[in-house]
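Let me begin by presenting the structure, written as structure tokens, before commenting on it.
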Amino acid sequence: MRSQFENKQQRAANLDAYKAQLGEMERSFGAMLRQLPGKTEVPNLLVDISQTGLGAGLQEKLFQPSGEQSRGFYAELPIRIRLVGSYHEFGTFVSGIAALPRIVTLHDIQISPANDKAGGYDNLIMDVTAKTYRYIEDEGGRAGPKKKSGGAT
Numbered sequence: 000m001r002s003q004f005e006n007k008q009q010r011a012a013n014l015d016a017y018k019a020q021l022g023e024m025e026r027s028f029g030a031m032l033r034q035l036p037g038k039t040e041v042p043n044l045l046v047d048i049s050q051t052g053l054g055a056g057l058q059e060k061l062f063q064p065s066g067e068q069s070r071g072f073y074a075e076l077p078i079r080i081r082l083v084g085s086y087h088e089f090g091t092f093v094s095g096i097a098a099l100p101r102i103v104t105l106h107d108i109q110i111s112p113a114n115d116k117a118g119g120y121d122n123l124i125m126d127v128t129a130k131t132y133r134y135i136e137d138e139g140g141r142a143g144p145k146k147k148s149g150g151a152t
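Residue 113 in numbering that gives the first Met the number 0 is what sits at position 114 of the sequence shown, and the numbering runs on without skipping anything.
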């Protein structure tokens, strides 16, 4: 019983710190949720991704959004992209994607030499899957993470 008492006493002593940490986590979670596009913002984000490639000087050979895939409280929207350009233009594109105000991740990156006789020797082809994410609570059909009652508010 003494060890149980000491354990509970230690938890009680750290309660204020736990409440402060919970508040900070909730603020951080809210900030991250604001970086996920809503259902109505996805088309604009697709345009932003495409424009980032064109702004970097790349030729867009393929831009193919796939269907949304539900992942619990969020949905994932993969976009297959094929770009042609130089190594430095790819770097500019990746930097531009990282600078977007919404969360976009790049996956399955494959870079290969272009077999383009007229395009020059420095052209490369990059096949990449860009993924953006959407919080599902927007639809009203599914709820996001719930707060426990009785805790700090």
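Glycine included, every Cβ here is placed at the ideal spot set by N, Cα and C.
For residue j and residue i, believed in contact at Cβ under 8 Å, the rounded distance
| i | j | result |
| --- | --- | --- |
| V83 | N122 | 6 Å |
| F89 | M125 | 5 Å |
Three-state secondary structure (DSSP) of residue i
| i | result |
| --- | --- |
| R133 | strand |
| P112 | strand |
| P64 | strand |
| D15 | helix |
| G54 | helix |
| I102 | coil |
Rounded separation between residue i and residue j - CA only
| i | j | result |
| --- | --- | --- |
| P100 | A19 | 28 Å |
| Y134 | M31 | 10 Å |
| L76 | Q3 | 48 Å |
| Q109 | T51 | 18 Å |
| R10 | A16 | 10 Å |
| N13 | A129 | 43 Å |
Exposure of residue i, with buried meaning 16 or more beta-carbon neighbours within 10 Å
| i | result |
| --- | --- |
| T131 | buried |
| V103 | buried |
| F92 | buried |
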